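**Q** Questions regarding the structure given below will be posed in turn.
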Amino acid sequence: MPELPEVETIARGLRTTLPGRKILSVRLGKTDFIDDPVAIEREIPGARIVAVRRHGKFLLLDLESSNGTARNFSLLVHLGMTGRLVTCDPQAPVPPHTHVFFALDDGRELRYTDVRRFGRMGIVTEEPQKNGLGSLGLDPLEASESQFVALLKDRRARIKALLLDQHVLRGIGNIYADESLWRARIHPMRLGAMLSADELHRLYRAVREVLNEAIRLRGSSIADYVDSEGNLGGFQRRHRVYQRTGKKCFRCGTLIRRTIVDGRSSHLCPRCQSAPRARRKAR
DNA sequence: CTTACGGCCTGGGTGC
DNA sequence: TGCACCCAGGCCGTAA
2 MPELPEVETI ARGLRTTLPG RKILSVRLGK TDFIDDPVAI EREIPGARIV AVRRHGKFLL
62 LDLESSNGTA RNFSLLVHLG MTGRLVTCDP QAPVPPHTHV FFALDDGREL RYTDVRRFGR
122 MGIVTEEPQK NGLGSLGLDP LEASESQFVA LLKDRRARIK ALLLDQHVLR GIGNIYADES
182 LWRARIHPMR LGAMLSADEL HRLYRAVREV LNEAIRLRGS SIADYVDSEG NLGGFQRRHR
242 VYQRTGKKCF RCGTLIRRTI VDGRSSHLCP RCQSAPRARR KAR
């Protein structure tokens, strides 16, 4: 599942080939995951790619129209769970569930493939807040420790839910939330406001270490993720809890457990990450 | 406003 | 061989 490290890896890969390229034509398959397919077909052909950016789990291809109006806009892509954005030779076999083809002026092709179609694609204009990205939280790799602490320390929600909330921090998903909490030795059901200063410090460090190491290893390939050239990532070999249910904790040997926290599966070591005392039932 | 939760989208994998 | 069921991330509606 593409989270911050996977999207960052894809962005870096696309950045080596796309800037300066002109998109000659667009071909669409299924379009139910595209905000305005007609706008894509109308606006994109002839546009030049000027930059590739990541914003949380979103990718942005900044485009410059060639039709004289000089109206700049961006193609916004969210890969959902199974989305892939890959450049390849146009003659390469087309994988099933490939729904968007961009023909580039260097003879290559940029393709979007998405089995589940939980991804999203659309055109956004340069206006900062208008495109919906303005409401997202801080990038965990850009936030200072004091900013990070401020985001969490007064919240009564569970820390797992806070880490996953894109309006608090942008880019963290289930894999990196679980891995960070294990590294910081914090149970996912702890409330933000109940974490000690030391725990918040450990969590800040853990989130950054996990994300940076995952970027270094080019992301986690669980089921569908590949980078912009179709290559697998390597961080799945470094997972300490995610999808290791029943296996031994790397720190203490206790068996890793899977539980549901705020509707999401959570993987944890019951010994390293001690559970909070049961909360009084809300009424 | 904040938190909690259920439902929805889709289709591959699993287990019977 | 078939088929019901589970599950994934994000988002939205609802309720307290």
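With my numbering, letter number 77 in the first sequence gets 78, and the count goes up by one each step, no holes. Even for Gly, the Cβ is constructed at its ideal location relative to N, Cα and C. Since the structure is predicted, the reported quantities are computational estimates derived from the model, not experimental observations.
Distance check for Ala-40 and Pro-20, CA to CA, integer angstroms please.
**A** Inter-residue distance for Pro-20 and Ala-40 is about 22 Å (C-alpha atoms, whole angstroms).
**Q** What did DSSP end up calling Ile-45 once you bin it into helix, strand or coil?
**A** coil
**Q** Considering only their Cβ atoms, is the gap separating Leu-64 from Val-51 smaller than 8 Å?
**A** yes
**Q** Helix, strand or coil, according to DSSP, for Arg-284 in the structure here?
**A** Bear in mind that the predicted position of Arg-284 carries a pLDDT of just 38, short of 50, making it unreliable; the figure below should be weighed with that in mind. DSSP places Arg-284 in coil when its eight states are reduced to three.
**Q** What first and last residue would you give for the alpha helix (DSSP H) that runs through Asn-232?
**A** That residue, Asn-232, is in no alpha helix (DSSP H); it is neither H nor E in DSSP.
**Q** If we call anything under 8 Å between Cβ atoms a contact, is Glu-146 one with Tyr-205?
**A** yes
**Q** Report buried or exposed for Ser-67, applying the criterion of at least 16 other Cβ atoms within 10 angstroms of its Cβ.
**A** Answer is exposed; the Cβ neighbour count stays below 16.
**Q** Going by DSSP, what residue range makes up the alpha helix (DSSP H) through Glu-200?
**A** 198 to 217
**Q** Taking 8 Å as the threshold, find out whether the stretch 12 to 31 comes into contact with the stretch 220 to 232 through three or more Cβ pairs.
**A** Judged by Cβ distances under 8 Å, the stretch 12 to 31 makes contact with the stretch 220 to 232, as three or more pairs qualify.
**Q** Is the stretch 147 to 164 close to the stretch 109 to 122, with three or more CB pairs under 8 Å?
**A** no
**Q** Given a cut-off of 8 Å, decide if Gly-172 and Leu-25 are closer than it, judged by their beta-carbon atoms.
**A** For Leu-25 and Gly-172, no; Cβs fall outside 8 Å.
**Q** Considering only residues of the same chain and omitting the five flanking positions on each side of Ala-162, which have a CB-CB separation below 6 Å?
**A** Asp-263
**Q** Can you have a look at Ser-275 and say buried or exposed, based on whether 16 or more other CB atoms are within 10 angstroms of its CB?
**A** exposed
**Q** Taking the alpha carbon of Ser-308 as the point to measure from, which residue in Asp-36, Ile-176, Cys-273 has its own alpha carbon closest?
**A** The first residue shown for the chain is 2 and the last is 284, placing residue 308 beyond what the model contains.
**Q** Among the candidates Leu-105, Ser-75, Met-195, Phe-34, whose CA atom is the shortest distance from the CA of Gly-84?
**A** Among Leu-105, Ser-75, Met-195, Phe-34, the Cα nearest to that of Gly-84 is on Phe-34.
**Q** Looking at Arg-238 and Val-211, is the spacing between their C-beta atoms short of 8 Å?
**A** no
**Q** For Gly-47 and Ile-187, I'd like the C-alpha separation in whole angstroms.
**A** 51 Å
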